[in-house]
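Engineer: Before I ask anything, here is the structure I am working with.
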Amino acid sequence: MTELPKAYDPHDVEDRIYKTWEEKRFFHADPDPAKKPYSIVIPPPNITGILHMGHALNTTIQDILIRFKRMQGFQAEWMPGTDHAGIATQNVVERKLAKDGIKRQELGREKFVGEVWKWREEYGSTIIRQLKSLGCACDWERIRFTMDEGLSDAVVDVFIRLYEKGLIYRSNYIINWCPRCQTALSDEESQHRDVDGMLYYVKYPVKGSTKLKEEHITIATTRPETMLGDVAIAVNPKDKRYRGLKDKVVILPIVNRELKVVFDPLVDMKFGTGALKVTPAHDPVDFELGLKHGLEQINVMNDDATVNSSGGEYEGMDRFEAREAIVEALKERGLFIKSEPHRHAVGHCYRCHTMVEPRLSPQWFVKMKPLAEAAIDVVKKGKVTFYPSRWTKVYLDWMENIRDWCISRQIWWGHRIPVYYCKQCLAAGQSLVASDSCPGKGKPLATGHKPLGVIVSKTRPEKCPTCGSAEIEQDPDVLDTWFSSWLWPFSTFGWPKDTPELKYFYPTGALVTAQEIIFFWVARMIMAGLEFMGDIPFRHVYIHGTVRDITGTKMSKSLGNVIDPLDMIRKYGTDALRFSIISITAQGQDVFLSESKFELGRNFANKIWNASRFILSNLKADEVNTDLCVFFKGARLTLPERWVLSRFYSTLSYVGECLDQYRFNEAANAIYEFIWHEFCDWYIETTKTTIGQASSQVILYKILEKSLRMLHPFMPFITEEIWQRLPRSKDQAGESIMLTSWPHVQKEMMSKKCEAEMQEIIQLVTAIRNIRAVWNIDPKTDMDAIINVSDRSDVKMINDNIDLVKRMARVSGLKVGAHAKPKSAATSVVGAMEVYVPLEGLIDFQKEKARLEKEMGRMAQEMKGLTGRLKDKHFLSKAPEEVVEKQRQRKAELAMQMEKLKENLKEIAA
Ligand SMILES: [Zn+2]
Ligand SMILES: [Zn+2]
Numbered sequence: 021m022t023e024l025p026k027a028y029d030p031h032d033v034e035d036r037i038y039k040t041w042e043e044k045r046f047f048h049a050d051p052d053p054a055k056k057p058y059s060i061v062i063p064p065p066n067i068t069g070i071l072h073m074g075h076a077l078n079t080t081i082q083d084i085l086i087r088f089k090r091m092q093g094f095q096a097e098w099m100p101g102t103d104h105a106g107i108a109t110q111n112v113v114e115r116k117l118a119k120d121g122i123k124r125q126e127l128g129r130e131k132f133v134g135e136v137w138k139w140r141e142e143y144g145s146t147i148i149r150q151l152k153s154l155g156c157a158c159d160w161e162r163i164r165f166t167m168d169e170g171l172s173d174a175v176v177d178v179f180i181r182l183y184e185k186g187l188i189y190r191s192n193y194i195i196n197w198c199p200r201c202q203t204a205l206s207d208e209e210s211q212h213r214d215v216d217g218m219l220y221y222v223k224y225p226v227k228g229s230t231k232l233k234e235e236h237i238t239i240a241t242t243r244p245e246t247m248l249g250d251v252a253i254a255v256n257p258k259d260k261r262y263r264g265l266k267d268k269v270v271i272l273p274i275v276n277r278e279l280k281v282v283f284d285p286l287v288d289m290k291f292g293t294g295a296l297k298v299t300p301a302h303d304p305v306d307f308e309l310g311l312k313h314g315l316e317q318i319n320v321m322n323d324d325a326t327v328n329s330s331g332g333e334y335e336g337m338d339r340f341e342a343r344e345a346i347v348e349a350l351k352e353r354g355l356f357i358k359s360e361p362h363r364h365a366v367g368h369c370y371r372c373h374t375m376v377e378p379r380l381s382p383q384w385f386v387k388m389k390p391l392a393e394a395a396i397d398v399v400k401k402g403k404v405t406f407y408p409s410r411w412t413k414v415y416l417d418w419m420e421n422i423r424d425w426c427i428s429r430q431i432w433w434g435h436r437i438p439v440y441y442c443k444q445c446l447a448a449g450q451s452l453v454a455s456d457s458c459p460g461k462g463k464p465l466a467t468g469h470k471p472l473g474v475i476v477s478k479t480r481p482e483k484c485p486t487c488g489s490a491e492i493e494q495d496p497d498v499l500d501t502w503f504s505s506w507l508w509p510f511s512t513f514g515w516p517k518d519t520p521e522l523k524y525f526y527p528t529g530a531l532v533t534a535q536e537i538i539f540f541w542v543a544r545m546i547m548a549g550l551e552f553m554g555d556i557p558f559r560h561v562y563i564h565g566t567v568r569d570i571t572g573t574k575m576s577k578s579l580g581n582v583i584d585p586l587d588m589i590r591k592y593g594t595d596a597l598r599f600s601i602i603s604i605t606a607q608g609q610d611v612f613l614s615e616s617k618f619e620l621g622r623n624f625a626n627k628i629w630n631a632s633r634f635i636l637s638n639l640k641a642d643e644v645n646t647d648l649c650v651f652f653k654g655a656r657l658t659l660p661e662r663w664v665l666s667r668f669y670s671t672l673s674y675v676g677e678c679l680d681q682y683r684f685n686e687a688a689n690a691i692y693e694f695i696w697h698e699f700c701d702w703y704i705e706t707t708k709t710t711i712g713q714a715s716s717q718v719i720l721y722k723i724l725e726k727s728l729r730m731l732h733p734f735m736p737f738i739t740e741e742i743w744q745r746l747p748r749s750k751d752q753a754g755e756s757i758m759l760t761s762w763p764h765v766q767k768e769m770m771s772k773k774c775e776a777e778m779q780e781i782i783q784l785v786t787a788i789r790n791i792r793a794v795w796n797i798d799p800k801t802d803m804d805a806i807i808n809v810s811d812r813s814d815v816k817m818i819n820d821n822i823d824l825v826k827r828m829a830r831v832s833g834l835k836v837g838a839h840a841k842p843k844s845a846a847t848s849v850v851g852a853m854e855v856y857v858p859l860e861g862l863i864d865f866q867k868e869k870a871r872l873e874k875e876m877g878r879m880a881q882e883m884k885g886l887t888g889r890l891k892d893k894h895f896l897s898k899a900p901e902e903v904v905e906k907q908r909q910r911k912a913e914l915a916m917q918m919e920k921l922k923e924n925l926k927e928i929a930a
């Protein structure tokens, strides 16, 4: 047995212990038929990622689950890895090259991708190193990357399977285009934000109208530049204002194109003037209208959102520049009516925040409806359960209205689309995009329609299977990053190969993630798991809240309110960080964080350390071999002994329940309450005089050892450090607390009656101690107390424990029974009982009265100040919420203290 150092220094301990765990391969798990499997796949952080509090919360939760399940006897596997993060990483490397004045276009595709790999070698595992500092027990030997050979094979395999099934098609479609990143974005990647724009009212003359008999339609638009691509005017057939327009033709201003008028119930009669300009190539609603009415699609923009050659004199202008120019031209021609401010939601690129340009473009899509059906079913049937349950509805709503998924991206970093085009076939008139030959252009391909000259293949084909030509080119696009991450729960275990790991560990136990990626990721994983594995990817989905600052604002670099987890680890230690953040995170709610919150974890670590030091320095090593159950049956135990055992097992049972239901904060708080307030503050306190006796020895040792195991998933390092120094019995010869078992709940040691009795004793002792404190009675001064209690069983119970009460409350004489209140006695009420302490001879009444009155005066002064401040509107609006809250708390506290003082004054007067 080695003695513990005086103070706990997490930095001395944490790195050393983590290294040992890793070296001894404790995180590694192989399939073991003798055990039940439990696995988690980590939400792979981006290789561009830097550790933030969201990661700290997310990984701590997963680590708790993995350590808990391992201790429960499961073969626990936590699969780690990183995501190549297509657009994000490409942007980072582009910015880096830009500093040296290099553009990716100048480098060319191959060299640029080489640069990204180099960047990844250098920086891509930063996030992994940072995750390790959180103590997570990931199986690092299995770490995967979404662009690994195996995972890339899985991606290609899936693409081909879906294409063969007719679930992947290429189509001209209106998509969200980021002119900055120059790529398509999925609907989920285009984030809607309110923007202060303008609504422009423009006259579109009706053909044949003259200066004398002017006839026109007024159109309201937020994007006049898209006029260049107008092909029709649409009105609602119910709209009486436009009945006269049947068979008329309208002239597009500036361009002078003739536009027909279509009637469609899709048109919103209440927006603008109720007449819509139709630009199928640049607006999703217009696109639908275009398909329905067989309209032409005129794309007027280049990839960078400048006007293209179909824009005539505006060619080359940026979209916003063109907007100004067109408005000017309309004014000159007298066709401009007015403009008014207009606030509306506009999509923005989730990566670079550039305003998205809806635009017609040939892209690859996955048909989602057929995949969604099964994924809706498993959630409805409860095979996949969401915690908290309210996310079930969010998931189902989205799935029932799911749209096809645009999976092609016009970037270079990612999985190249496994599609090859035969130049000969295409030159011979075969269309690359099925829609070109479809009636109502732009319609998605019919199931099973595979255009000639388009070859979908794992490897580059030597020649075209149709015409035999060797002039073959691969599609230049790459796949959406999520097209690899949706396979993560099985591709990481080796799919499409049928590996023993895949057989054993799939489906996984739980997925722990943030709400932002339910659609991006969680829903798609369920679809992929069912489609390719024929089984759900995970049984439970735990959605945790967002980490915010103490005022509820999301942490962001630009606001300067970020709390860096690595800083907190340096200051307080990893265990403190983990315990603090878990104990304040209620299920499904956001976390409000300030630096001071981490003191809770640090203080708790110190408390445990000090208690363990005390126990270890008083422990005789040969006592630890006693079996607790045998001991419990054989020994005559005191109330505090029976109580602490009961409280331990009640807590243990509750913690297990909480962890099974993802109520981590409740588990953490129960452990905290038990260890700090019950075990340390009361039980250890009761043993100060009996510590040499066998029963104190056994119980102190057993409860400490088992409490460490119960706490281990939350605070892995300090529990290991202390556990390693405990004297160990033969059956606990294990190498690490990590590998011990979760303590078994001993129901026979749990007793509600015993807990209630001890609770009563604690309240009585506390009442007497409070009286001593309030009346400033020196701890060394002898003091008597009277407990006025009439219930016979209470009298007996207290008398049975009278020595304990006297010792703990430090009173020399203690009377228990039906007693009247003596003159000049301090009083305290405990349930149906009253506690009296006669003050005669203990205090100088005159002096005490003066002291209390002076104190009362001081408090009244402070109260006045606080009340004034809390009414001051200026203070309330300027001061940080935390400060205001503290003042409010202080006020409430003060009011209570003043109330008590008043009572005390009354007692002396009586
Ligand atoms: Zn962008
Ligand atoms: Zn061909």
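Terminal number for the sequence shown in this note's numbering: 930, no gaps in between. All residues carry an ideal CB built from backbone N, CA and C; glycine is no exception. Model, not experiment: these values are computed from the prediction.
1. Three or more C-beta pairs under 8 Å: does that hold for the region 490-500 against the region 528-536?
2. Can you give me the C-alpha to C-alpha distance between K152 and E42, rounded to a whole angstrom?
3. Can you find a heavy atom of ligand 2 that lies under 7 Å from the Cβ of Q444?
4. Got a sec, what are the start and stop residues for the alpha helix (DSSP H) P799 sits in?
5. Just to confirm, are V404 and F558 a CB contact at a threshold of 8 Å?
6. Between S489 and ligand 2, is the CB less than 7 Å from at least one heavy atom?
7. When we look at the beta-carbon of S505 and count the other beta-carbons within 10 Å, is it buried (16 or more) or exposed?
8. Rank V386, K119, Y856, Q907 by C-alpha distance to the C-alpha of Y189 and give the top, closest one.
9. Comparing C-alpha positions only, which one of L659, R115, G155, E130 sits nearest to I81?
10. Taking just the CA atoms, how far does M545 sit from K389?
11. Can you tell me which of H732, T706, K227 puts its alpha carbon nearest to the alpha carbon of L720?
12. Take every Cβ of the region 515-529, pair it with every Cβ of the region 547-563, and state whether three or more of those distances are shorter than 8 Å.
13. Give the list of continuous beta strand (DSSP E) stretches no shorter than 3 residues that lie fully inside the region 377-434.
14. Are the beta-carbon atoms belonging to W411 and I601 less than 8 Å from one another?
15. What residue range is occupied by the uninterrupted alpha helix (DSSP H) comprising D569?
16. Could you compute how far the alpha carbon of G144 sits from the alpha carbon of I67?
17. Look at the Cβ atom of M218, then the Cβ atom of E360, and state whether they are nearer than 8 Å.
18. Terminal residues of the continuous alpha helix (DSSP H) containing Y224?
19. On a CA-only basis, which of H302, F307, G314, L309 is nearest N322? Give me that one, please.
20. Terminal residues of the continuous beta strand (DSSP E) containing S359?
21. Return the chain-ordered ranges of every alpha helix (DSSP H) run that is complete within the region 21-53 and spans a minimum of 4 residues.
22. If you draw a straight line from the alpha carbon of T146 to that of F179, how long is it in whole angstroms?
23. Out of curiosity, what's the CA-to-CA distance linking K463 and I194?
24. When you compare the CB positions of E335 and V327, do they come within less than 8 Å of one another, or not?
25. Between C445 and T486, which are expected to be in contact by the criterion C-beta below 8 Å, what is the C-beta distance as a whole number of angstroms?
26. Ignoring anything shorter than 3 residues or poking outside the region 795-861, list the beta strand (DSSP E) runs there in chain order.
27. Return yes when at least one heavy atom of ligand 1 lies under 7 Å from the C-beta of T374, else no.
28. For the region 661-671 against the region 710-720, do three or more pairs of beta-carbon atoms, one drawn from each stretch, fall closer than 8 Å, so that the two count as touching?
29. Jot down the residue ranges of each uninterrupted beta strand (DSSP E) in the region 72-146, minimum 3 residues, whole runs only, in chain order.
30. Short of 8 Å in beta carbon distance, which residues of its chain neighbour P900, apart from the five on each side in sequence? Order them along the chain.
31. As a quick exercise: from Y440, P285, G549, P382, pick the residue whose alpha carbon is nearest that of A394.
32. Out of N276, E245, W197, which has the shortest C-alpha to C-alpha gap to K227?
33. Regarding G473 and ligand 2, is the C-beta to nearest heavy atom distance less than 7 Å?
34. By how many angstroms is the C-alpha of C369 removed from the C-alpha of W197?
35. Candidates H212, T512, L24, D518: which alpha carbon is nearest V376's?
36. Can you give me the C-alpha to C-alpha distance between F905 and L862, rounded to a whole angstrom?
Structural biologist: For this structure:
1. no
2. 10 Å
3. yes
4. P799: not part of any alpha helix (DSSP H); DSSP gives it neither H nor E.
5. Yes. Within cutoff.
6. yes
7. So S505 counts as buried.
8. Checking every option, the nearest Cα to that of Y189 belongs to V386.
9. Measuring from the Cα of I81, the nearest candidate turns out to be G155.
10. 15 Å
11. Per the Cα distances, T706.
12. yes
13. 377-386, 405-407
14. no
15. No alpha helix (DSSP H) holds D569; the beta strand (DSSP E) holding it covers 567-569.
16. Taking the straight line from one Cα to the other gives about 5 Å.
17. yes
18. Looking at the DSSP string, Y224 is not in any alpha helix (DSSP H); the run it does join, the beta strand (DSSP E), is 210-225.
19. H302
20. 356-369
21. 30-43
22. 31 Å
23. Residue placement at K463 cannot be trusted, given a pLDDT of 41 that sits under 50; what the coordinates show is reported in the next sentence. Here the alpha carbons of I194 and K463 stand approximately 11 Å from one another.
24. yes
25. 6 Å
26. Annotation note: the region 795-861 contains the following uninterrupted beta strand (DSSP E) runs of length 3 or greater, listed N- to C-terminal: 804-808, 833-837, 845-850, 853-858.
27. yes
28. yes
29. DSSP runs (the beta strand (DSSP E)) wholly in the region 72-146: 95-99.
30. The residues are I570, T571.
31. Just measuring C-alpha positions, the residue of Y440, P285, G549, P382 sitting nearest A394 is G549.
32. N276
33. It does: the Cβ of G473 is within 7 Å (strictly closer) of some heavy atom of ligand 2.
34. 8 Å
35. H212
36. A quick correction: the sequence has Glu, not Phe, at residue 905. Approximately 39 Å between the Cα atoms of the pair.
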